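A.B. asks:
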Amino acid sequence: MQNPPVFRTHDAASRPVVAIQHPDDVFETLFQSIQGGEQHVRPPLELRPDSPFLTFIEVGYALRACLEDKSRRDYLVQRLRPHVSAIIGTLPAGLQPQGMLPRVPAPPGFRPLEQIGDAEVRAWLVEDGGLIYGELQRHELDNYFDAIAAVIRPGGVMVDLGSGLGKVVMSAALAFPFQRCIGVELIGYRHAMAAQRLHNLLALAGKALAALPSPLTPETPLRLPFGGEANGSHLLDLASRIAFIEADMFRVDVRGASLVFMYSTCFGPLMDALGDKLAREMQEGALVSTTTYPLTHPAFKLLCSYPAGTLAWTNVMLYQRAGPLENVVTTAATTYEPDPAAWEERLRQEFAAMDDRVLK
Ligand SMILES: C[S@@+](CC[C@H](N)C(=O)[O-])C[C@H]1O[C@@H](n2cnc3c(N)ncnc32)[C@H](O)[C@@H]1O
1 MQNPPVFRTH DAASRPVVAI QHPDDVFETL FQSIQGGEQH VRPPLELRPD
51 SPFLTFIEVG YALRACLEDK SRRDYLVQRL RPHVSAIIGT LPAGLQPQGM
101 LPRVPAPPGF RPLEQIGDAE VRAWLVEDGG LIYGELQRHE LDNYFDAIAA
151 VIRPGGVMVD LGSGLGKVVM SAALAFPFQR CIGVELIGYR HAMAAQRLHN
201 LLALAGKALA ALPSPLTPET PLRLPFGGEA NGSHLLDLAS RIAFIEADMF
251 RVDVRGASLV FMYSTCFGPL MDALGDKLAR EMQEGALVST TTYPLTHPAF
301 KLLCSYPAGT LAWTNVMLYQ RAGPLENVVT TAATTYEPDP AAWEERLRQE
351 FAAMDDRVLK
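Here's what the structure looks like:
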């Protein structure tokens, strides 16, 4: 019988690497340099006429106006309630004080909620949920890499859909002998931060490699941090093995991916559409992992499922694209179905708590 996996439960205290003696020190230096992104300040979106988020901002302003005016809260509840399956949590993230809506007043011409249709409200909620930011902590990502190490083959392309500041993409490129690791991120500032972090990582890699007592050549055998084998080009060619793309993940073809990673905890209402997309594009045998929400599309076979509190704080699932699509009967599964009455009760409690905070 196989031993159950042993999961790390917290990040080990990271000691700065003071001397680079061995390639392991290079890896550790680089891993340390890409931590901590989840604490970054999230700037509000810019209100400018050419913003790709202009409709998102307009609808968000209309909703926020109803939230701020107590006499319009019942109307807000009435408009949101049909779409609870598109809301992550209770009060949509964009309407919370730290949300990404600009802080400046609405410009003339923006529509009030009464003039905004249900489909637009729903689309706003889905987009708003997807834009929430979070990262797995280092020990969780290490657990994840341990868990997938046995099924990763050398070569292949790893893709992170919704790559944020790029931690998973850069970590995967260090951890595994992928030919290429690609991050796809919708929000411009996050993409820019990922590009900057990659720039920093490459500069640091150059310095750390130069500090090795015996220089690494492309042919030097290299033991990888999660058990695989590679050679020196794994680190020497890091620049050509990592790429970030600023794009909507639904517009990027993942046909060539051997592993698609999604930190999908805020993608609940998007999961069915993502499942359809991945089933159409991915090759038989390719892997997908999700957090929190399952992929219910029948083209994917569940390989492993790690309950919340084991591999990571939330559950993590690993799937494999199985069988030709012609033989697969698509089911209209809905993966995210909260109870509207319970949601409304929680929302009204949040309104009361908000008003209390204002009074104090
Ligand atoms: C929970 S964060 C995960 C970040 C990163 N994958 C990680 O695990 O460290 C999800 C990211 O998905 C991005 N996102 C949401 N919808 C997207 C879309 N349609 N296309 C690309 N990125 C999207 C968000 O902006 C956010 O940065």
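Okay, so the sequence shown: first residue is 1 according to the working numbering, each after it adds one. Just so it is clear, CB atoms sit at the ideal spot from N, CA and C, and this is done for glycine as well. A quick note: this is a predicted structure, and the numbers were derived from the prediction, not measured.
Excluding the 5 residues flanking L165 on each side, which residues of the same chain have their C-beta closer than 7 Å to its C-beta?
C.D. replies: For L165, where only same-chain residues beyond five positions count, the Cβ hits under 7 Å are G37, H40, R190, M193, A194 and R197.
A.B. asks: Taking its Cβ as the centre, do 16 or more other Cβ atoms sit within 10 Å of E114, making it buried, or is it exposed?
C.D. replies: By the neighbour-count rule (16 or more Cβ atoms within 10 Å), E114 is not buried but exposed.
A.B. asks: Just to confirm, is the Cβ distance from V157 to S85 under 9 Å?
C.D. replies: Contact flag unset, no.
A.B. asks: With respect to the beta strand (DSSP E) encompassing P23, which residues constitute its N-terminal and C-terminal limits?
C.D. replies: Premise fails: P23 lies in the alpha helix (DSSP H), P23 to S33, not in any beta strand (DSSP E).
A.B. asks: What separation, rounded to the nearest whole angstrom, lies between the Cα atoms of D50 and P213?
C.D. replies: Taking the straight line joining both Cα atoms gives about 52 Å.
A.B. asks: Would you kindly work out how many angstroms separate the C-alpha atoms of A12 and A308, rounded to a whole number?
C.D. replies: Looking at the two C-alpha atoms, the distance is approximately 20 Å.
A.B. asks: Just checking, does the stretch 48-65 make contact with the stretch 96-116 on the three C-beta pairs under 8 Å criterion?
C.D. replies: Yes: the two stretches touch, three or more of their Cβ pairs being nearer than 8 Å.
A.B. asks: Which residues in the same chain as D160 place their Cβ atom closer than 6 Å to its Cβ, once the five residues preceding and following it in sequence are excluded?
C.D. replies: So the list reads V168, V169, G183 and F261, once near-sequence residues are dropped.
A.B. asks: Would you mind stating whether L63 and L347 have Cβ atoms separated by less than 9 Å?
C.D. replies: Against a cut-off of 9 Å, the Cβ pair of L347 and L63 comes out as no contact.
A.B. asks: The alpha helix (DSSP H) spanning D160 covers which residue range?
C.D. replies: Careful: D160 lies outside any alpha helix (DSSP H), inside the beta strand (DSSP E) at V157 to L161.
A.B. asks: Beta carbon of L125, beta carbon of I187: below 9 Å?
C.D. replies: No, Cβ-Cβ distance for L125 and I187 is not below 9 Å.
A.B. asks: Helix, strand or coil for F56 per DSSP?
C.D. replies: Here F56 sits in helix by DSSP.
A.B. asks: Which residues in the same chain as F145 place their Cβ atom closer than 6 Å to its Cβ, once the five residues preceding and following it in sequence are excluded?
C.D. replies: These residues qualify, in order along the chain: A175 and F226.
A.B. asks: By the 10 Å Cβ neighbour count, where 16 or more other Cβ atoms means buried, how is K277 classified, buried or exposed?
C.D. replies: By the 10 Å Cβ count, K277 comes out buried.
A.B. asks: Within 10 angstroms of its Cβ, does R241 collect 16 or more other Cβ (buried), or is it exposed?
C.D. replies: With 16 or more Cβ atoms within 10 Å of its Cβ, R241 is classed as buried.
A.B. asks: Is any heavy atom of ligand 1 found at a distance shorter than 8 Å from the C-beta of F31?
C.D. replies: Answer for F31: no, Cβ out of range of ligand 1.
A.B. asks: Do Y263 and R296 come within 9 Å of each other at the CB atom, strictly closer than that value?
C.D. replies: Sequence inspection shows Thr at residue 296; the Arg mentioned does not correspond to that position. No.
A.B. asks: I need the boundaries of the alpha helix (DSSP H) containing G129, first residue and last residue.
C.D. replies: It spans D118 to G130 - the alpha helix (DSSP H) in which G129 sits, taken as one unbroken run.
A.B. asks: Thinking C-beta only, is S289 closer than 9 Å to L270?
C.D. replies: It is not a contact, given that the beta carbons lie outside the stated cut-off.
A.B. asks: Which full runs of the alpha helix (DSSP H) of 4+ residues lie inside the stretch 173-248, going along the chain?
C.D. replies: Listed in chain order, the complete alpha helix (DSSP H) runs (minimum 4 residues) inside the stretch 173-248 are 188-210, 233-236 and 238-241.
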